[in-house]
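In full-length UniProt numbering, the protein residues as written are 1 to 601.
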């Protein structure tokens, strides 16, 4: 490691970063080798980057990196030449070697020695070298010839009383050679394989050869994005000024010119905003590709067969989102494989396929990113969760609760219905942390589950958690501005006092389209009155909020309109802080509080 810093330090770091990125991308390819039975193109796609890492590490004096990469390269070369079959033990060895390569490079990035535990590293080198013991003989590698010869011997046995012992002995030798790599090996039950409808195993592509790229410090992009946020605020100031000038009829020409200039400015600022947001984005593929390896390892450890389907790999998301999603994603994928999918014999008794299925999908929707993790396992046992909650003192035994209430209980630390504790799940920890981390980033976590049908978790996050520029529905209540995220608005309508009525179990409601929708107590939210019993002659504008839970109607005095707003966190406010996502500066310089509709009760 000491020799490495005799070279350009920035060049070394660039090599390390690019190598780690490449190793992450080929991890899924290696897992795919098990189901592809040695696809040459796939092996070559893995071989090339490992070969490059070996050569470049020599240049930087990273001799331990070179030694390990060389050993892995030897194994891949045998696979490429079809001298080695991609059996479970062989793939396991390659994966462990690649894991250690990543760990070494991360240590180099931090200025640490390449190897943290020398004896363990030497043992790993020997283990990778030992993969060559699974090499099969030349005769056994010719699969078609072997099958043909076996067919001839079989036919001879059928057609006549005997067979030439020389032929039989040759076939037996071929069979021994072909299966020598499996003798003494425990059968690997887990199989992570793509569905027929899924895309083929990903091929490694060198972006550097196709496009001109450069690495930019994240802080530089974040600073630029902050200025873009301020630009949006200035744009709204122009809009406000334009409206004020429009009131002066004698300045028609000035108003027209100003309107044209403002329109050009709006287009320019919007394009600038979108382009800088695109710079921060990266394919979510690098995150989703972790799933097959995680599921494979858990399946192997517990004797489960699990199919994996991934969609939406082409979606690009903000780098900050990638970092926020990583830990929750890994935790939920582990839970799905370990706690959700049943053992093969249990599934068979239920009339299911012995092979379970986990689906991971990503979709973009109206300024948000939704990550959905679905399994076809046993689903939630609502009664068991309720019983456990009662035993922990979280619920009273005689309290009536809905399925929605029970679902919320799984996000309480310490609550688990698992009979056994594994290294993955069963301790009742994790989901509470997952939910808090997602909500801290301005996102939401929801679930849907049916007993013996499976469970679906959905993580919804804004496109960016660094600078949030959202479409807001701006209103006024009294003299104050308020804004709602546009996607939460279902409809608006005029409320008359006679439309309000008391409904048992719901409180004050508004009759709308054949249903009674609860009307929010506006004075509790906005600290003012809108329609009250002592002010029955007043009317207002009702906003129907589309929420994850039941609909709500909020009454306001005036609708300003839809506009882009820059959501900013406001520190130190002492009012009902949980009701607001933050604030946004309007065109006239005043602040609009942005309402979190899910927090309205």
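Backbone N, C-alpha and C define an ideal beta-carbon position, used for all residues, glycine too. Bear in mind that the values here come from a model prediction, so they are computed numbers and not experimental data.
**Request:** Within 10 angstroms of the Cβ of residue 9, are there 16 or more other Cβ atoms? Answer buried if so, exposed if not.
**Result:** Within the chain shown, the letter at position 9 stands for residue 9. Label assigned to residue 9: exposed.
**Prompt:** Going straight from the alpha carbon of residue 33 to that of residue 387, what length do you get?
**Reply:** In the chain shown, residue 33 corresponds to position 33, counting from 1. In the chain shown, residue 387 corresponds to position 387, counting from 1. Those two C-alpha atoms are separated by around 45 Å.
**Prompt:** For residue 276 versus residue 228, is the C-beta distance shorter than 8 Å?
**Reply:** Here the question's residue 276 lines up with position 276 in the chain shown. Here the question's residue 228 lines up with position 228 in the chain shown. Yes, the pair counts as a contact, with Cβ atoms nearer than the cut-off.
**Start and end residues, beta strand (DSSP E) containing residue 490** = Against the chain shown, residue 490 aligns to sequence position 490. Start and end: 489-495.
**Request:** Report, in whole angstroms, the separation of the C-beta atoms of residue 107 and residue 120, which I expect to be a contact under 8 Å.
**Result:** Start at 1 with the first residue of the chain shown, and residue 107 comes out as number 107. Start at 1 with the first residue of the chain shown, and residue 120 comes out as number 120. No, residue 107 and residue 120 are not in contact; Cβ-Cβ is about 13 Å, not under 8 Å.
**Asked** So, is residue 324 buried or exposed, given that buried needs 16 or more other C-beta atoms within 10 angstroms?
**Response** Position 324 of the chain shown holds residue 324. Result: buried.
**Message:** With H, G and I counted as helix, E and B as strand and the rest as coil, what does DSSP make of residue 60?
**Reply:** Position 60 of the chain shown, counted from the start, is the residue given in the question as residue 60. Residue 60 sits in coil when the DSSP states are folded into three classes, being neither helix nor strand.
**Asked** Going by DSSP, which residues form a beta bridge with residue 484?
**Response** Residue numbering aside, residue 484 sits at position 484 when the chain shown is read from its first letter. Per DSSP, 473.
**Asked** Is it true that the CB of residue 359 sits closer than 8 Å to the CB of residue 309?
**Response** Taking the chain shown and counting its residues from 1, the one referred to as residue 309 is at position 309. Taking the chain shown and counting its residues from 1, the one referred to as residue 359 is at position 359. Between residue 309 and residue 359, the C-beta spacing is below 8 Å.
**Asked** In chain order, what residues of the same chain have a beta carbon less than 8 Å from the beta carbon of residue 489, not counting five sequence neighbours either side?
**Response** What you label residue 489 is simply residue 489 of the chain shown in a count that begins at 1. For residue 489, the CB contacts under 8 Å within the same chain, skipping 5 residues up- and downstream, are 473, 543, 544, 545, 546 in chain order.
**Prompt:** Looking at C-beta atoms only, is the number of pairs between the region 348-363 and the region 432-445 that lie closer than 8 Å three or more?
**Reply:** No, because fewer than three Cβ pairs between the region 348-363 and the region 432-445 fall closer than 8 Å, the two stretches do not touch.
**Message:** Cutting at 7 Å between CB atoms, please list the residues of its own chain near residue 476, excluding the five before and the five after it.
**Reply:** On the chain shown, position 476 is the one that residue 476 refers to. Excluding sequence neighbours, residue 476 sits near 556, 557, 558, 560.
**Prompt:** Are residue 367 and residue 278 closer than 8 Å when you measure CB to CB?
**Reply:** The count along the chain shown starts at 1 and reaches residue 367 at position 367. The count along the chain shown starts at 1 and reaches residue 278 at position 278. No, the pair does not count as a contact, with Cβ atoms beyond the cut-off.
**Message:** Which residues does DSSP list as the beta-bridge partners of residue 329?
**Reply:** The count along the chain shown starts at 1 and reaches residue 329 at position 329. DSSP, once it has assigned bridges, lists no residue as partnering residue 329.
**Per-residue burial, residue 292 [other beta carbons within 10 Å of its own, 16 or more giving buried]** = Residue mapping note: residue 292 aligns to position 292 of the chain shown, counting from 1. Under this definition residue 292 is a buried residue.
**Exposed unless 16 or more other CB atoms sit within 10 angstroms - verdict on residue 271** = As a position in the chain shown, residue 271 is number 271, starting the count at 1. So residue 271 counts as exposed.
**Close-in-space but distant-in-sequence residues of the same chain around residue 141 (CB under 8 Å, 5 per side omitted)** = Within the chain shown, the letter at position 141 stands for residue 141. Any reading at residue 141 must be qualified, since the residue scores a pLDDT of 47, below 50, and its modelled position is unreliable; no value is offered.
**Item:** Alpha carbon of residue 69 to alpha carbon of residue 127, nearest angstrom
**Value:** Numbered from 1 along the chain shown, position 69 holds the residue referred to as residue 69. Numbered from 1 along the chain shown, position 127 holds the residue referred to as residue 127. Taking the straight line from one Cα to the other gives about 13 Å.
**Prompt:** Between 268, 341, 267, which lies nearest to residue 455 when the distance is taken from Cα to Cα?
**Reply:** Residue numbering aside, residue 455 sits at position 455 when the chain shown is read from its first letter. The candidate whose alpha carbon is nearest that of residue 455 is 341.
**Nearest-angstrom Cα separation, counted from residue 445 out to residue 436** = What you label residue 436 is simply residue 436 of the chain shown in a count that begins at 1. What you label residue 445 is simply residue 445 of the chain shown in a count that begins at 1. Going by the C-alpha atoms only, they are around 9 Å apart.
**residue 503 to residue 401 span [Cα, whole Å]** = The residue given as residue 503 occupies position 503 in the chain shown. The residue given as residue 401 occupies position 401 in the chain shown. Straight-line Cα distance between these residues: approximately 20 Å.
**Request:** Would you identify the three-state DSSP class for residue 343, choosing helix, strand or coil?
**Result:** Against the chain shown, residue 343 aligns to sequence position 343. Residue state, collapsed to three classes: coil.
**Prompt:** Helix, strand or coil: how does DSSP classify residue 502 here?
**Reply:** On the chain shown, position 502 is the one that residue 502 refers to. Three-state result, residue 502: strand.
**Message:** Just to confirm my understanding: we take residue 354, look at its own chain, exclude 5 residues before and 5 after, and list those with CB closer than 7 Å. What are they?
**Reply:** On the chain shown, residue 354 is found 354 positions in, with the first residue counted as 1. Hits under 7 Å: 305, 344, 347, 348.
**Request:** Assign residue 397 to one of two classes, buried (16 or more other C-beta atoms within 10 Å of its C-beta) or exposed (fewer than that).
**Result:** For the purposes of this step, residue 397 is identified with residue 397 of the chain shown, where counting begins at 1. Exposed, by the Cβ-count rule.
**Item:** Start-end ranges of the beta strand (DSSP E) lying completely within the region 355-386, minimum 3 residues
**Value:** Qualifying beta strand (DSSP E) stretches, in chain order: 355-365, 368-375.
**Asked** Three or more beta-carbon pairs under 8 Å between the region 45-58 and the region 311-320, yes or no?
**Response** Cβ pair count under 8 Å is below three, so no.
**For residue 63 and residue 114, the rounded distance between their alpha carbons** = Taking the chain shown and counting its residues from 1, one reaches residue 114 at position 114. Taking the chain shown and counting its residues from 1, one reaches residue 63 at position 63. Rounded to the nearest whole angstrom, the C-alpha separation of residue 114 and residue 63 is 9 Å.
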